[in-house]
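Numbered by the numbering used here, the letters in the sequence shown go through residues 62 to 464 in order.
C-beta atoms are modelled at their ideal positions from N, C-alpha and C, and glycine is treated no differently.
The model shown is predicted, which means the values in this text are computed figures rather than measured ones.
One structure below.
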Amino acid sequence: MRLRFGTTIVVIFLSPFAALHAQDKAPAAPKEFAFVLSNGYGEGDHFSNDPKVFENLLINMRKSGFNAIHCIYRDWRVELCRKHDVKMMIDVLAWKEGGGTDIRKPDQREVVKKICQKVRGDAAVWGYNLWNEKLQDFGNPDGMNIDAYITMLKEWDPTHPVWMGTRTVSYANSPKAKPGIHGYYDYAWQRGFLWHFADLQWYFKYVPSQDGYIGRWDQGSNYNWNSYSLNTSIAFGNKVVIWFIGGPFDKAGNIDPKHRFHHLIKIGQETQKLYPELGKLGRPTDVFSTPTTKTHDNKDRGKDKDADGGVPWRLSAFPKDYWFTIHAGEVLAGFFRYPSGEDAVCIANHNAFVKQDMVVGAKGRVEIFDRQTGEWRALKREQNRYAFEIRPGGGELLRVSRR
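Below, the structure is given as structure tokens:
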């Protein structure tokens, strides 16, 4: 979806000092993981303007594990989002009639400014969606680059992050205004798996310098593929997933059991209790991989399994004498630290189709987050080793204290 306009030169609304301050200021951090429904971006309104239909959609979204909706702002919509505990990701590219909230168009920018000022600090709002295509396609629609618009949004509302997306890592480090969420798409299962870990590793290393976090579009496909992409991304610190494009709901907002994205309900339901916990973790300090004998799609790695110590995709191997060890299981592990001092380990299955019988080693108390109850459960220790299982394409969160 490409959005282009003629060029009009305008004067930026911010004073030079205010613009510089907003650009350099650390952006707001996401408060929880966002599992986002998006029916499209830019142009016009992609959702019903009937409050009853919109509310019915929110109710069924929440039942299905979706906790955020990417849409055009309306006062009544944000109140319904608040009622049903769904966060609104505000579309600031909607230029057609019925939208009128394109920050790039001078005659619509004041509307966006008023929205931003109105929702400052509002817990029903996730933040703003500014761009989703290749960053080099952003252009200069009124003589300004994307940094100017990020700066405006941060100045008008410093309490919510801005989503800035691109394809893979294309021009991803060009903007300097620190949006908060550095999003991207690669659709690795459909377009070639080479990019999946290459992109995650690049953003893992880059976003700390921008006080930001990773977000990604993922293409709805099937339960195993989408589970794998989601859980391996979480290990790298991903805080937002937007599904391309749409969700398992009909025009009346009801769950559609025949929809090609119906499997997202199962993924959302088994992940949703984890959303607030992932918001507490911040960014990972390290991400390591075990050696693997099978590929992500459960094929024999053959001779490749002996290269680089058996660790795939040029991922980092566990250092010798690391405080956390894996004795059984082929997985990826992201290491985080709670503000209170405990360690957290996000472990993701390296295989989308085969479960892993895990045995890990760590000194101290080890708990596993129960995705069904939302509670922590202590793992039984035997000589500083702990056993648990990870489903195909799945992931688990561990908490380690008193180590």
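For the set W187, I151 and W192, the Cα lying nearest the Cα of V172 is the one of I151. The residue among S99, H107 and L119 with its C-alpha nearest the C-alpha of N315 is L119. The beta-carbon distance between I328 and G126, rounded to whole angstroms, is 7 Å. This is short enough to meet the 8 Å contact definition. Around the beta carbon of G188, 16 or more other beta carbons lie within 10 angstroms, which makes this residue buried. When Cβ pairs closer than 8 Å are counted between the two stretches, the region 281–290 is seen not to touch the region 258–268, the count staying below three.
Judged by their CB atoms, R464 and G425 are nearer to each other than the 8 Å cut-off.
Taking one beta carbon from each stretch, the region 266–279 and the region 224–242 have 3 or more pairs nearer than 8 Å; the two touch. Scanning its chain for C-beta atoms nearer than 8 Å, with the 5 sequence neighbours on each side dropped, one finds around P236 the residues L196, N206, I207, D208, I211 and M225, in chain order. Across the set N359, L339 and E331, the C-alpha of L339 shows the shortest separation from the C-alpha of S294. Restricting attention to G103, V147 and E216, the CA atom closest to the CA of D85 is found in E216.
For A378, the secondary structure class from DSSP, reduced to helix, strand or coil, is strand. Annotation for A238: no beta strand (DSSP E) segment contains it, and DSSP assigns it neither H nor E. Per DSSP, the continuous alpha helix (DSSP H) segment holding Y284 begins and ends at Y284 to A296. Within its own chain, the residues whose Cβ lies closer than 7 Å to the Cβ of W192, once the five positions on either side in sequence are excluded, are F199, I207, M225 and G226, listed in chain order. Shown here for D365: not one same chain residue has a beta carbon closer than 6 Å to its own, the five before and five after excluded.
Between G370 and R321, the C-beta gap is not smaller than 8 Å, which leaves the two residues out of contact. The beta-carbon separation of L393 and H411, rounded to 6 Å, stays under the 8 Å limit for a contact.
When the Cα atoms are used, N201 and P337 turn out to be separated by approximately 37 Å. Taking C-beta atoms under 8 Å as the contact rule, G456 and A409 qualify, at a distance of about 4 Å. Judged by DSSP secondary structure, G329 falls outside any beta strand (DSSP E) and instead within the alpha helix (DSSP H) spanning H324 to T332. Looking from the CA of R446, the closest CA among G454, F379, W384 and K144 belongs to W384. Rounded to the nearest whole angstrom, the CA to CA distance from F449 to M419 is 5 Å.
Residue burial is scored here from C-beta neighbours: Q333 has at least 16 other C-beta atoms within 10 angstroms and is therefore classed as buried. With distances taken between CA atoms, L342 lies nearest to A296 out of E436, R170 and A296. Residue pairing for L459: DSSP places it in a beta bridge opposite V406 and I429.
In the DSSP assignment, W187 falls within the beta strand (DSSP E) that extends over V186 to W192. For R446, the enclosing beta strand (DSSP E) has its first and last residue at R446 to I451. Cα atoms of V427 and S377: separation of roughly 24 Å, rounded to the nearest angstrom. Contact between K300 and A95 holds, with the beta-carbon distance rounding to 7 Å and staying under 8 Å. The three-state secondary structure of G226, taken from DSSP, is strand.
Per the DSSP secondary-structure output, Q280 pairs in a beta bridge with F305. In the three-state DSSP reduction, N117 falls in the helix class (H, G or I).
Using a 10 angstroms sphere on the CB of W156, the tally of other CB atoms reaches 16 or more, which defines it as buried. A distance below 6 Å between beta-carbons, with the five flanking residues on each side excluded, links D431 to the following residues of its chain, in chain order: R438. In the DSSP assignment, D152 falls within the unbroken beta strand (DSSP E) covering K148 to D152. Just so you know, the alpha carbons of W263 and K113 end up roughly 43 Å apart.
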